[in-house]
Amino acid sequence: MKNPFRHPAKILAALFGIAISLSLGARLWGVSADSRILLADEIPPEPIASYKIDVQLKLDDKQRPKHLEGVERLTWLNHSKDTISELQFHLYLNAFKNEKSTFFEESGGQLRGDEFQPGAWGWIDVNKMKLAGGEDLTSKIEFIHPDDDNSDDQTVIRVPLGKPVKPGEKIALDIKFTAQLPRVFARTGYWATFALVGQWFPKIGVWESAGERRRELPGWNCHQFHASSEFYADFGNYDVTMTVPAAYKSKIGATGVMKSERDNQDGTVTYNFVQDNVHDFAWTVDTNYIIVKRRFKADEHVTDSEINEWSSRLNLPVDRIAITDLDVTLMIQTEHRDQIDRHFKAAFNAIKYFGLWYGNYPYNTLTIVDPPYNGGGAGGMEYPTFITAGTSWRPGLDQNPEEVIVHEFGHQFWYGLVASNEFEESWLDEGFNTYSTAKVLKTAYGANVEPFGFAGITWFYLPIEKPHPYEDRPLTLQGKFNDPILTPAWKFYDQSSYSLNSYPRTNLTLSTLERYLGEDLMARVMREYYHKWRYRHPASQDFFDTVNQVTGRDFAWFFDQFVKGVGELDYELAEIKSERRGGEIGLFDKDGRKAEVKAPGHDVEEKDQSATYDNEVAVRRVGEAWFPVEMLFTLKDGARISAKPVNTRDGVIEYQLTDSKDGRQWSDDWVIKDRWKKFLFTTGSKLVTAEIDPERKVLLDANLTNNSKNGSTGVGAAVRWSTGAMYWVQAIMQALSFLS
Amino acid sequence: MIISFFVGINEANRSWKMILLLLAANVLSSLPLIVPIFLLVFDTSRGTIAADSLMADKLDAVWFMDVANHKFPGATTETVALQVGGLFVVMGVCYLLLNTLLTGGVIGVFNSADGLFTMRKFWGEAGAYFWRFFRLTLISLIFYGVAVGIYALLRWPIKNAAEQASAYESVIYKRWAAMALLALLFAFINMVFDYAKIGTVARSVRGDSKGMFRETFRAFRFAFRNFFSAFGLFLIIATVGFALFIVFNALRWSVDQSSAGRVSLAILLGQIAIAGRMWTRLLFYAAEMHLYKKLAPAAAPAPVIVESRLV
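Here the protein sequences line up with chains E and P, keeping their order. Residue 740 is where the first sequence ends in my numbering, and the numbering goes up by one at each step. Residue 1311 is where the second sequence ends in my numbering, and the numbering goes up by one at each step.
Here it is as structure tokens:
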């Protein structure tokens, strides 16, 4: 036997190879932090932008938490095939430096119901930037404005490199910065003892190669901070150490998990938080917080039957529907302490249903922040594993704070994990999340109510039901659209158009698609999209492709009209006619002679008891857009004829009509470009009702009041609601008589 | 005070014809707003399945907003609020004037020797005192304005405190206190002018152009001299009336209006609730009339109204 140790180099190489293989094997199936075996599509890619930050929060002369001094080590990977000769960074806080910033020019100093307080400015300065152990880049820093011609905007910098970064190369930069938080405005800032520290450090932009997100040329995707935009960054690992005044001991929360707490014995306390595989980091302090921790345990909140149900509906093995446990920390204001259970219930419902429908939330932790009164501008915002909510002092039974908690948790999926570009394609996170939020609220809480409140209290609820997602129709469909959904955030007509298109219009669009496809197929689409694009940056076309791939059909007609277009969708049931055949009067040739029929139904020669009705249903396409809508015709004897679109091809919608009475079927075509269609058919009973979209699937139909025709008089409904209104008018006027 | 309360109840109970008259006036006054609503619902729902779905307890908000969006295209919330609000203001002013007229009739009937209602007596008294009561209403607006001014002055520091607060609880309690003070001031002023009207009728003040300022002064004097009796009586009646309205209101809203029969029941209960408020109003005047005559300086003897002279 030959001595195996004769060739140590070969042995070493073999050992090295074994080690490589083991690590590769681990990459194929991986292990999660809670020891669950991860599948290939659940494994995060290599971090691109990792930050290790040491920051100190200092109080101003009025004891307000305003000033930040930080040192940042950024480790950045050039994951592209391009050689990169400059870096670009976001300095978001400079949007609040003065009124000349692009943000201020676009917002006019107002956002999300808040008005900026002049004098309470915010800013960030990069004091020093150098390559670790290398070139000092400080003097090369230059402000740029890639989106407009505003040379006064200082929210983006470029830093040319002496030595370009090659493909696959990793560089490290040491950055020293100072910053001042504004008074709470546009998601970040201080108020009294509270601070929400968001978008607070120099953050590198995203390098996109040619072809990535359908880009033609490679380059930096690093937009200025606009009034109607949010954020976009690469995934990485965050290790942040915060030193805060001792007054905030145990009153701090952040992205990720707290690893250490140290009392420095000098009036400050230092905390360390870490989180891997995220693309942002935010934190908060407030002496008024009550901090409550609870653990979401899947087997307490998700039943086996629910898992089995969704396993079946999604056509996936049961272990793919598994939801992992996690710690949930609630940082709530003292005066809202009676709402602790409501907050946790909302969060647990969100974790449960997002997990069942789309995929497991992969992090161990979630922190929910309740901003104080006058700090609401920091509420309703999402950061990875860290969300800000907000509630009122005595909320009623309407779904607030539930809606905001579910919505902000939902952003962990749409934006946090599926990291679309919030600047350029805001619908992919806001709209997707609005759609998902409505589904969770509908499932967990049912229809919403409309409260009537005064002096901080809900007095009663109006007799109005607001089912999800229909509550988004009124504002969305009240007029013509100025912009397509697919518009860069800062290029919408105004903030109102941005909000309408990014949130409710996308909700209605996706809800219509869901009703058209069926809930199960849509769930498979969304799940596939989530799993395919988690930890990545998808573009809108990637979602369109996912829909086509999962459904096996081409939905270009849908997305071209309703995401890329502005046409209104409105079908009208114009007219119904149902005429009994026979009984025509006049002279008719019969048996070689002329026989006279003198009156309808009084055939002199024969008594014909069978009735046949010739029916005509006229449907008009009032709007520019088209959609294969279903129809339902009801006869006097109770029989129903359904008209369902079975095929859309070559500019024609093929309908199949089915008579429920005898199962008779026939086809009819509607040429798409035609503005109207008359359905002609005969029945043995009179046609009494015709209805377009009887199941209200097409939420985008701008006007549902013209979708039906029947013989109703409307008197009963008019009496019902006018007398209801009369009661209120009488009561109000009687109250006025108080003055007489 | 308690005796006056029960006397008032007795008088209000036997004045059911006046209650019906006041209710009829209230119903007729609401029609300018209700008829358009009826026609709107009728026009937009007839011949559609919405007519059936609207026969329901809850309003189909989807239908309602589609009607709003398409029946009034281009209308903004502001223009609609302005138009509806404007109509409400006009209707309110007309109703106020009508009530000023009717109040004269009510107090006149209660002031008469037999206290019994007849149409001639009622309308005769109403006409006789309308102008004076109208002037009293105008004078009362000055005092209501002062009350609002006091409230605004209180709200100023509360608003400043709210802008510096980081907890809503401290702010809301202050706001409630200010609103409670405003409500009490309004109640007191309302009571004073009730007595001003009662005093006008009780003393049969006629012909003096400055009489209403003097009556206002006398009423304030009466109210301050007999503060606990007068304001106590007022608050007791207000509480009873409010409780009555809450009960009938709750009954009305408990009816599921998803059928014609139930809609009719809801209409009936609603009108009973409104009639209850009319009854409360009569209770106010009857009880206050009794208290006034018991405590005020000697008034003119109650007139014997011979109806033949009113032809």
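Here a beta-carbon is modelled for each residue, glycine too, at the ideal position from N, C-alpha and C. Here the structure is a predicted model, which means the values were calculated and not measured.
- Proximity winner among S436/E, G684/E, D674/E and V646/E, relative to D659/E (alpha-carbon distances): With distances taken between Cα atoms, D659/E lies closest to G684/E.
>> Can you give me the C-alpha to C-alpha distance between D662/E and E616/E, rounded to a whole angstrom?
In response: In this structure, the straight-line span from the alpha carbon of D662/E to that of E616/E is close to 20 Å.
For chain P, is any of its Cβ atoms less than 8 Å away from the one on L739/E? Output row for L739/E: interface = yes.
Strictly under 8 Å for the Cβ-Cβ distance: is S139/E near chain P by that measure? Not an interface residue.
Against chain E: residues of the segment 1046-1060 of chain P by CB proximity under 7 Å: Residues passing the 7 Å Cβ filter: R1046, G1047, T1048, I1049, A1050, A1051, D1052, L1054, M1055, D1057, K1058 and L1059.
- prompt: Does the segment 411-428 of chain E come close enough to the segment 483-495 of chain E that 3 or more CB-CB pairs lie under 8 Å?
  reply: The segment 411-428 of chain E and the segment 483-495 of chain E touch, with three or more beta-carbon pairs separated by less than 8 Å.
- Item | Unbroken beta strand (DSSP E) run spanning T689/E, endpoints | In this chain, the beta strand (DSSP E) harbouring T689/E covers L687 to I692.
(message) Would you call the segment 1079-1096 of chain P in contact with the segment 1007-1019 of chain P, where contact means no fewer than 3 C-beta pairs closer than 8 Å?
(response) Result no; under three Cβ-Cβ pairs closer than 8 Å.
Self-check item: contact_flag[the segment 685-704 of chain E, the segment 1054-1070 of chain P] where n(CB pairs < 8 Å) is 3 or more
Solution: Yes: at least three Cβ pairs fall under 8 Å.
Below 9 Å on C-beta distance, what does I340/E contact in chain P?
What I340/E touches in chain P: nothing, since even the nearest Cβ is about 16 Å away.
| said: Any beta carbon from chain E within less than 8 Å of F1314/P's own beta carbon? | reply: It is not possible to answer for residue 1314/P, since the shown part of chain P is limited to 1001 through 1311.
Practice problem: Kindly indicate if chain E contains any beta-carbon less than 8 Å away from that of N1069/P. | Solution: Interface criterion met: the Cβ of N1069/P is under 8 Å from a Cβ in chain E.
Check your understanding: So, does the CB of P474/E fall closer than 8 Å to a CB anywhere in chain P?
Key -> Cβ-Cβ to chain P under 8 Å: yes for P474/E.
Give, in chain order, every residue of the segment 1219-1233 of chain P whose Cβ lies closer than 9 Å to some Cβ of chain C.
-> In summary, chain C is missing from the structure at hand, where the protein chains are E and P.
* Output yes if chain E places a C-beta closer than 8 Å to the C-beta of Y1195/P; else output no. => Look at Y1195/P: its C-beta is not under 8 Å from any C-beta on chain E.
With a cut-off of 8 Å, do at least 3 Cβ pairs link the segment 571-584 of chain E to the segment 708-715 of chain E? By the Cβ criterion, the segment 571-584 of chain E is in contact with the segment 708-715 of chain E, since at least three pairs of Cβ atoms, one from each stretch, lie closer than 8 Å.
- Item | N-terminal and C-terminal residue of the alpha helix (DSSP H) that H343/E is part of | Counting along the chain, the alpha helix (DSSP H) containing H343/E begins and ends at I340 to W357.
What is the residue span of the beta strand (DSSP E) that V597/E lies within? Its beta strand (DSSP E) spans residues R593 to V597.
| Are the C-beta atoms of S1015/P and some chain E residue less than 8 Å apart? | It does not; no Cβ of chain E falls within 8 Å.
task: Given a cut-off of 8 Å, decide if Y1144/P and I1198/P are closer than it, judged by their beta-carbon atoms.
output: Cβ distance not < 8 Å, so I1198/P and Y1144/P don't count as in contact.
inquiry  = My assumption, with CB atoms under 8 Å, is that W393/E sits in contact with R527/E. Please give the rounded CB distance.
reply    = With 8 Å as the limit, W393/E and R527/E do not qualify as a contact, their Cβ atoms being about 39 Å apart.
Checklist line | Reference D520/E, options S229/E, E208/E and L316/E, closest by Cα | finding: Nearest option by C-alpha distance: L316/E.
Task: Complete alpha helix (DSSP H) runs within the segment 1167-1194 of chain P (minimum length 4 residues, chain order) - done: Runs found: none.
### Task
May I ask you to report which of helix, strand or coil DSSP gives K1293/P?
K1293/P: helix per DSSP, three-state reduction.
key: Sheet register partners of I457/E (DSSP bridge)   = Bridge partners of I457/E according to DSSP: F454/E.
Classify R524/E as buried or exposed, calling it buried when 16 or more other Cβ atoms lie within 10 Å of its own Cβ. Looking at its Cβ environment, which holds 16 or more other Cβ atoms inside 10 Å, R524/E is buried.
> Can you find a CB in chain E that lies within less than 8 Å of the CB of M1091/P?
Replying inline: Cβ-Cβ to chain E under 8 Å: yes for M1091/P.
> Along chain E, in chain order, which residues have C-beta atoms closer than 9 Å to that of S1029/P?
Replying inline: The answer, in chain order, is V729, Q730 and M733.
**Neighbourhood of I672/E by C-beta, 7 Å cutoff - its chain only, sequence neighbours within 5 removed** = Apart from the 5 residues on each side of it in sequence, I672/E sits with its Cβ closer than 7 Å to the Cβ of W626, G651, V652 and I653 in its chain, given in chain order.
Taking only three categories from DSSP, how would you classify G1085/P? In the structure shown, G1085/P sits in a helix (DSSP, three-state: H, G or I).
Thinking C-beta only, is T155/E closer than 8 Å to N98/E?
Not in contact: N98/E and T155/E (Cβ atoms no closer than 8 Å).
| Can A1286/P be considered in contact with the ligand SAM, in the sense that its beta carbon sits closer than 7 Å to one or more heavy atoms? | Absence of the ligand SAM from the depicted structure is noted, as is the absence of any ligand whatsoever, leaving it without description.
Looking at C-beta atoms only, is the number of pairs between the segment 150-169 of chain E and the segment 245-253 of chain E that lie closer than 8 Å three or more? No: the two stretches stay apart, fewer than three of their Cβ pairs being nearer than 8 Å.
- How should S1258/P be labelled, buried or exposed, when 16 other C-beta atoms within 10 angstroms of its C-beta is the threshold for buried? S1258/P should be labelled exposed.
- request: With DSSP as the reference, please indicate the residues paired to F89/E in a beta bridge.
  value: Partner(s): I157/E and I204/E.
Which residues in the same chain have their Cβ closer than 6 Å to the Cβ of H468/E, if we skip the five residues on either side of it in sequence?
-> For H468/E, the CB contacts under 6 Å within the same chain, skipping 5 residues up- and downstream, are A438, L441 and K442 in chain order.
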